[in-house]
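Chains as they are written, first to last, in the numbering used here: chain W, 24 to 249; chain E, 24 to 249; chain G, 24 to 249; chain F, 24 to 249.
Structure, as structure tokens:
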DNA sequence: CATGAATGAGGTTTCATTCAT
DNA sequence: TATGAATGAAACCTCATTCAT
């Protein structure tokens with residue numbers, strides 16, 4: 024996976040441990056100052072490591088960028104891809120509601136990473152960028168699968184499920200990217216509700232279903248941070 | 024507006040001319056390499072100016088960033104804000120259709136700028152960033168006005184017009200930001216049609232209206248800037 | 024020739040001037056401390072330039088190494104190749120005497136460079152190294168030409184002129200390389216006389232000729248560079 | 024001798040063993056990359072030791088340089104100095120032939136070391152350098168002894184035996200130093216023959232002796248080390 | 001007004017050496 | 001005895017900005 028990243032250590036456990044440490048340090052400084060404006064001195068301090076130690080576990084500054092972005096996207100994809108298996112016996116409509124709620128809350132949890140990814144993916148070399156974009160595409164694919172299931176089940180009517188799935192995903196991202204705008208206008212849960220209803224109205228065959236199950240919107244306790 | 028930007032020239036016309044020249048040069052290099060990775064030598068070359076001349080008309084590298092982003096957003100806002108005055112006597116639904124078509128085409132024309140703005144706004148100091156974000160908010164406001172008009176006219180039913188307007192705007196941006204994903208899936212006109220129908224389905228009081236006027240998709244000539 | 028070396032200046036005269044300055048600075052520090060042990064701060068100081076200025080006229084530290092070595096070898100080759108044209112109407116034997124005298128004095132003038140070249144050529148990348156070695160081979164070729172002329176004229180008898188020419192050249196170099204040994208044992212002029220007689224004895228058809236013209240050792244003015 | 028080199032071990036046999044191991048490792052990496060461009064990680068790997076172990080038996084990187092060069096020169100001097108005792112009852116001329124043959128073959132065996140010594144002796148501190156140069160001078164002295172014997176025996180006529188001895192030795196070295204030139208022009212045995220005849224022609228009282236014994240060039244088996 | 005040479009602080013990265021285990 | 005993780009000074013190089021011309 025990232026076996027091609029330089030390290031001077033042969034102790035895989037240690038390498039994993041230290042890279043985690045680096046990712047956490049990177050989260051602090053990258054997100055605050057941006058990739059190019061963060062220097063390795065600050066990076067090292069944020070990781071509670073010496074500069075030398077940093078370079079034992081990582082080949083370059085860009086490697087840290089990749090480590091950081093990839094880690095975040097992997098976590099996200101992991102949850103997203105595990106989503107359907109956690110669904111009980113519910114309808115596509117309900118599943119989609121749950122999916123949106125889950126995804127948007129995940130984004131809210133990792134707001135900074137999401138924003139950072141939109142800003143700094145360009146800094147990666149083309150291989151790394153490809154992997155990052157692939158990971159991003161997987162979220163859309165997971166959502167699209169759900170939509171197609173709903174179409175087959177006769178609950179949804181959708182011309183282009185890819186675009187709709189893409190909308191669902193990126194409107195989630197926007198909660199992080201445009202928080203300077205949205206935070207002043209609504210809460211996360213309101214945002215989730217608005218978007219869910221908008222989307223359902225646009226795709227439901229029987230529009231009454233949308234309003235029908237609205238009652239349970241608040242049934243689940245919030246998992247939002249802060 | 025930008026009277027606080029340093030210049031050694033007292034000839035306002037010349038200042039304006041040179042700054043245009045700089046903005047056009049910046050467009051080439053900033054978009055290709057990103058702000059931090061572009062140096063002033065490349066900048067000067069792209070502007071067909073000497074480095075010294077650059078600093079006659081601009082106080083710092085960051086000034087150029089601001090000039091570039093602000094110019095793009097101004098052009099956009101200008102068109103957006105002039106939109107309603109160019110409307111003839113048409114219904115809110117038709118107006119919204121036109122708005123989306125116009126806005127998305129504008130974004131398509133200035134794809135690079137849009138992407139760049141998402142990536143580099145962070146690099147601005149807080150004053151400049153505020154102005155950029157305000158300009159961005161104006162687009163949403165213009166769209167929101169349209170929506171509220173439709174609600175008052177009884178054509179739309181919308182819980183939170185701000186969020187819907189925001190959706191319309193950012194889904195336009197996504198055409199530029201996520202072109203690596205979307206370009207492979209659909210053309211601009213398809214994207215416009217999909218999004219327009221989705222949005223209308225979600226907000227139209229009388230759903231039948233949505234499909235009804237699709238015929239005129241290509242009637243209006245492009246209003247895209249350059 | 025070295026048109027592929029990076030510079031940020033477009034003023035060729037200035038580039039040439041500054042590169043000369045750099046070569047002279049390099050001569051001081053490289054020769055004293057060796058290439059790898061000289062840092063760019065010392066280099067800049069020795070050149071009476073700032074580090075930044077250095078990098079205006081040169082792309083890297085290694086470029087300076089090449090500039091320095093190449094300059095020295097060019098000067099040498101220039102004199103060596105111009106040698107035959109400066110010869111009057113003299114015999115091959117006399118010409119060889121003159122050649123050796125000239126070449127060894129040139130080496131003596133540029134002792135440090137000669138030593139340095141033996142030590143640091145390895146540090147060059149393969150292209151630069153090739154050019155340096157080619158320049159070095161030209162000296163041998165010039166000497167070999169002289170020998171073959173003597174053979175044709177019936178004055179010399181030589182099995183393998185290349186090897187003999189090579190001997191003449193490298194024994195000259197040894198005056199610089201092994202000065203720690205030779206300086207204590209003889210003067211340059213003694214060294215020249217010894218080597219000249221040795222060589223002539225080994226190649227002259229009529230051995231009496233060797234001793235015959237020894238008297239004029241000091242007749243020709245030095246052709247040493249600088 | 025090298026009692027002043029730091030070690031943390033008190034087991035002299037082990038120290039000797041490990042230092043041999045280090046010398047062999049050094050041979051691989053130093054010769055390939057040069058002293059300054061070899062780092063201690065590579066050094067340790069080449070020695071099949073850990074970095075820590077290295078520093079148990081050696082005080083610094085420079086110590087290894089000294090160990091390596093000194094070992095090579097000692098081996099050489101050892102053979103050279105033992106040379107006369109291995110001579111049977113032969114003439115000075117024959118002895119010189121044998122000496123040259125032996126010495127040049129030794130150089131050929133240890134080409135890389137010879138080249139390396141010319142390049143990196145400067146890196147040693149002055150004490151170590153002195154010892155290295157002394158060892159190098161011993162070769163010349165041994166050869167000179169041979170020459171003086173020939174002079175006394177009336178076979179050679181030599182003005183300055185030191186310089187001639189020096190020539191013999193350094194022309195041997197040149198086989199290693201300038202192999203990029205010589206290898207393309209002749210084989211080792213040809214080189215030996217050419218140089219031997221040249222030298223003899225220059226010093227033999229009775230020139231006919233030179234050609235006379237050429238027939239036995241291949242009679243003695245190699246005495247090369249390793 | 002226009003130029004671009006010059007500056008030097010600060011960027012990323014390397015590496016000899018130490019020392020806790 | 002043996003290990004290799006950790007250190008941080010110092011290496012090379014870049015670049016926004018100034019200012020003499």
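Ideal Cβ placement from N, Cα and C applies to all residues, glycine included.
Assigned exposure category for residue i - 16 Cβ within 10 Å defines buried
i	result
residue 83 of chain W	exposed
residue 175 of chain E	exposed
residue 37 of chain F	exposed
residue 62 of chain W	exposed
residue 252 of chain W	Not covered by the structure: residue 252 of chain W. The range shown for chain W is 24 to 249.
residue 64 of chain F	exposed
residue 35 of chain G	exposed
residue 112 of chain W	exposed
residue 31 of chain W	exposed
residue 125 of chain G	buried
residue 226 of chain W	buried
residue 248 of chain W	Residue placement at residue 248 of chain W is poorly supported in this model, since its pLDDT is 31, which falls under 50; the coordinates are not used for a value here.
residue 211 of chain W	buried
CB contact check: residue i to chain F, cutoff 7 Å
i	result
residue 36 of chain G	no
residue 118 of chain G	no
Minimum Cβ-Cβ distance from residue i to chain G less than 7 Å
i	result
residue 59 of chain F	yes
residue 71 of chain F	no
residue 183 of chain F	yes
residue 149 of chain F	no
residue 234 of chain F	For residue 234 of chain F, the pLDDT reaches just 48, beneath the cut-off of 50, and the residue's location in the model is therefore unreliable, although a value from the coordinates is still provided. Chain G contact via Cβ: absent.
residue 229 of chain F	no
residue 175 of chain F	no
Reference residue i; option with closest CA among the options
i	options	result
residue 119 of chain G	G/193, G/206, G/210, G/188	G/188
residue 53 of chain F	F/126, F/115, F/96, F/138	F/138
residue 171 of chain G	G/77, G/143, G/149, G/115	G/115
residue 128 of chain F	F/222, F/30, F/224, F/216	F/216
residue 70 of chain W	W/45, W/224, W/177, W/35	W/45
residue 108 of chain W	W/165, W/219, W/30	W/165
residue 28 of chain W	W/149, W/211, W/87	W/87
residue 92 of chain W	W/205, W/163, W/48	W/48
residue 205 of chain W	E/193, E/136, E/33	E/193
residue 178 of chain W	W/117, W/81, W/59	W/117
residue 173 of chain G	G/210, G/134, G/228	G/228
residue 20 of chain F	F/162, F/141, F/151, F/42	Because chain F spans 24 through 249 in this model, residue 20 of chain F falls outside it and cannot be assessed.
residue 155 of chain F	F/184, F/209, F/190, F/90	F/90
Proximity test, Cβ basis, 7 Å: residue i and chain E
i	result
residue 250 of chain W	Here chain W comprises residues numbered 24 to 249, so residue 250 of chain W is not present and cannot be evaluated.
residue 98 of chain W	no
residue 31 of chain W	no
Any C-beta of chain W under 7 Å from that of residue i
i	result
residue 52 of chain E	no
residue 203 of chain E	yes
residue 197 of chain E	yes
residue 224 of chain E	yes
residue 156 of chain E	yes
residue 208 of chain E	yes
residue 221 of chain E	yes
residue 167 of chain E	no
Contacts of residue i in chain W (Cβ-Cβ under 8 Å)
i	result
residue 214 of chain E	186
residue 79 of chain E	Going along chain W, no residue has its Cβ under 8 Å from residue 79 of chain E, so there is no contact; the nearest lies around 27 Å.
Residue i Cβ short of 6 Å to the ligand SAH heavy atom set
i	result
residue 174 of chain E	With respect to the ligand SAH, the structure shown offers nothing to examine, as it has no ligands at all.
Interface partners of residue i on chain G, CB under 7 Å
i	result
residue 145 of chain F	57, 142
residue 217 of chain F	182, 183, 186
Chain-ordered neighbours of residue i on chain F, where CB pairs are closer than 7 Å
i	result
residue 193 of chain G	197, 201
residue 101 of chain G	Residues of chain F passing the Cβ test: none, with the nearest at roughly 20 Å.
With 7 Å as the limit, tell me which residues of the stretch 117-143 of chain E have their beta carbon closer than that to any beta carbon of chain W; keep them in chain order. Residues are counted here when their Cβ sits less than 7 Å from a Cβ of chain W; for the stretch 117-143 of chain E these are 141, 142, given in chain order.
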